[in-house]
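Shown next, in the form of structure tokens:
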């Protein structure tokens, strides 16, 4: 078993080109180049644009990460890269770059799961994760409740969204309200000035009949439609509607369901630690409500700082470091990107 491996991580699943370097669980560098500004006028991520942005940003971001960590490629013990899930074209750029580096340096290569990165990254800030914990992963493309049982190599999905991801719902509602893209931060800011009890929007998949099949699943499509109808009704009646109240009430509906189901999962599986991950994990109301409900249930909440919640290379390096330290064999050079990679496959 190798102790304190020096690992480079590459992330390119969506619209951030991330390169991180870790030594064991110590973060040495985390450089990110975002193409979000190129997607603003489209109101969402355009895969072609994202892929081209990764091509342009990969080498400069790699150079910055190595310089920040004060290491050379030859110093590395391993390279890790996101193999999936994500946008296929974007994933291919990162996988190709990682394979080229591994081939040129002779370093072992680990193709890893993007979702596992969002869970594991907290270890870089707060130390080793417990053997058993529940993770709530909330982002623009994913909303899942995960059970880690036996370390990072053994993660099981307990539930996921059956339609829109939470972050996707934020983007769509922001557009309805005439707010900017991406929707998460702007709705969070607008909600701070509103009354979250002003409008009772629906909580998807929380009824009694949902408990058997969808106990830990999420649905935000109906919530998005409810907000749209509420806004349209006011506009047809010639009324001005309170954007802050709508934002706050929408956000409360999302965070209510996310936190309630996560705490329920912890209690069902006898887990006393929950980890927040993904871009929406930076949301102020989600953090506040999760902390309150977890405290009432005697559950500890671990959440990385906002800069480690969004997609980044450090989280991929963290997964690679755990796999190397555990003695897992590398993936080799013959794996491909998998846009639908299930969380049950932490390594390809």
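Residue numbers (my numbering): 33 to 380.
Just so it is clear, CB atoms sit at the ideal spot from N, CA and C, and this is done for glycine as well.
Since this is a predicted model, take the numbers as computed values, not measurements.
| Nearest-angstrom Cα separation, counted from residue 170 out to residue 123 | Position 91 of the chain shown, counted from the start, is the residue given in the question as residue 123. Position 138 of the chain shown, counted from the start, is the residue given in the question as residue 170. For residue 123 and residue 170, the distance between alpha carbons rounds to 20 Å.
| query | Between 338, 311, 295, which lies nearest to residue 322 when the distance is taken from Cα to Cα? | reply | To locate residue 322, count along the chain shown from 1; it is residue 290. For residue 322, the nearest C-alpha among the options comes from 295.
| query | Secondary structure at residue 232, three-state DSSP: helix, strand or coil? | reply | As a position in the chain shown, residue 232 is number 200, starting the count at 1. DSSP places residue 232 in coil when its eight states are reduced to three.
| query | What residue range is occupied by the uninterrupted beta strand (DSSP E) comprising residue 105? | reply | For the purposes of this step, residue 105 is taken as residue 73 along the chain shown, with counting starting at 1. Per DSSP, residue 105 belongs to no beta strand (DSSP E) and is neither H nor E.
| query | Candidates 117, 98, 111, 57: which alpha carbon is nearest residue 377's? | reply | Within the chain shown, numbered from 1, the residue matching residue 377 stands at position 345. Just measuring C-alpha positions, the residue of 117, 98, 111, 57 sitting nearest residue 377 is 117.
| message | Cutting at 8 Å between CB atoms, please list the residues of its own chain near residue 348, excluding the five before and the five after it. | response | Reading the chain shown from its first residue, position 316 is the one you call residue 348. The answer, listed in chain order, is 41, 42, 43, 50, 52, 112, 113, 114, 144, 146, 149.
| field | Pick from 375, 73, 379 that is closest to residue 178, judged by C-alpha positions | value | Within the chain shown, residue 178 is the residue found at index 146, counting from 1. The shortest C-alpha separation from residue 178 is found at 375.
| message | Can you determine whether any heavy atom of the ligand GTP sits closer than 6 Å to the C-beta of residue 132, and answer yes or no? | response | The ligand GTP is not among the ligands present in this structure, which contains no ligands whatsoever.
| What's the C-alpha gap between residue 56 and residue 110? | The residue given as residue 56 occupies position 24 in the chain shown. The residue given as residue 110 occupies position 78 in the chain shown. Separation of residue 56 and residue 110 (C-alpha to C-alpha, rounded to the nearest whole angstrom) is 11 Å.
| task | Assuming residue 202 and residue 352 form a contact by the criterion Cβ under 8 Å, report the distance between their Cβ atoms to the nearest whole angstrom. | result | Taking the chain shown and counting its residues from 1, one reaches residue 202 at position 170. Taking the chain shown and counting its residues from 1, one reaches residue 352 at position 320. The C-beta separation of residue 202 from residue 352 comes to about 30 Å, leaving the pair out of contact by the 8 Å criterion.
| request: Could you have a look at residue 349 and say whether DSSP puts it in helix, strand or coil? | output: On the chain shown, position 317 is the one that residue 349 refers to. Looking at residue 349 - three-state DSSP - the assignment turns out to be helix.
| Nearest to residue 327 by alpha carbon, out of 249, 291, 48? | Numbered from its first residue, the chain shown carries residue 327 at position 295. It is 291.
| message | Just to confirm my understanding: we take residue 33, look at its own chain, exclude 5 residues before and 5 after, and list those with CB closer than 8 Å. What are they? | response | Position 1 of the chain shown, counting from 1, holds the residue named residue 33. Here residue 33 scores only 45 on pLDDT, less than 50, and its place in the model is too uncertain to base an answer on.
| task | Using alpha carbons as the reference points, say which of 263, 268, 270 lies closest to residue 276. | result | Your numbering for residue 276 matches position 244 in the chain shown. The candidate whose alpha carbon is nearest that of residue 276 is 263.
| task | Go through its chain and collect everything with a Cβ distance to residue 86's Cβ below 7 Å, but skip five positions before and after it. | result | As a position in the chain shown, residue 86 is number 54, starting the count at 1. Here residue 86 has 44, 49, 122, 125, 126 as same chain residues with Cβ atoms under 7 Å from its own Cβ, once five neighbours each way along the sequence are excluded.
| request: May I ask you to report which of helix, strand or coil DSSP gives residue 279? | output: Counting from 1 along the chain shown, the entry for residue 279 is found at position 247. Helix.
| Beta-bridge partners of residue 181, as assigned by DSSP | Taking the chain shown and counting its residues from 1, one reaches residue 181 at position 149. According to DSSP, residue 181 bridges with 164.
| For residue 64, which of helix, strand or coil comes out of DSSP? | Your numbering for residue 64 matches position 32 in the chain shown. Of the three classes helix, strand and coil, the one that applies to residue 64 here is strand, per DSSP.
| query | Which residues mark the beginning and the end of the beta strand (DSSP E) in which residue 219 is found? | reply | Position 187 of the chain shown, counted from the first residue, corresponds to residue 219. Not the beta strand (DSSP E): residue 219 falls in the alpha helix (DSSP H), residues 215-223.
| Buried or exposed (CB count within 10 angstroms, at least 16 for buried), residue 245 | Numbered from its first residue, the chain shown carries residue 245 at position 213. Sixteen is the threshold: since fewer than 16 other Cβ atoms of the shown chains lie within 10 Å of the Cβ of residue 245, the residue is exposed.
| task | List the whole-angstrom C-beta distance separating residue 251 from residue 239, where the pair is believed to meet the contact cut-off of C-beta under 8 Å. | result | As a first step, residue 251 must be located in the chain shown, where it is residue number 219. As a first step, residue 239 must be located in the chain shown, where it is residue number 207. Their Cβ separation, rounded to whole angstroms, is 11 Å, which puts residue 251 and residue 239 out of contact at 8 Å.
| task | State the CB to CB distance for the pair residue 165 and residue 305, rounded to an integer number of angstroms; the pair is presumed to be in contact (CB under 8 Å). | result | The residue given as residue 165 occupies position 133 in the chain shown. The residue given as residue 305 occupies position 273 in the chain shown. Contact holds; Cβ gap of about 4 Å.
| task | Assign residue 360 to one of three DSSP states: helix, strand, or coil. | result | Position 328 of the chain shown, counting from 1, holds the residue named residue 360. In the displayed model, residue 360 falls within coil according to three-state DSSP, outside both helix and strand.
| How close, in whole Å, do the beta carbons of residue 199 and residue 172 come, if the pair is a contact with beta carbons under 8 Å? | Taking the first residue of the chain shown as 1, we reach residue 199 at position 167. Taking the first residue of the chain shown as 1, we reach residue 172 at position 140. About 3 Å separates the CB atoms of residue 199 and residue 172; that is less than 8 Å, so the two are in contact.
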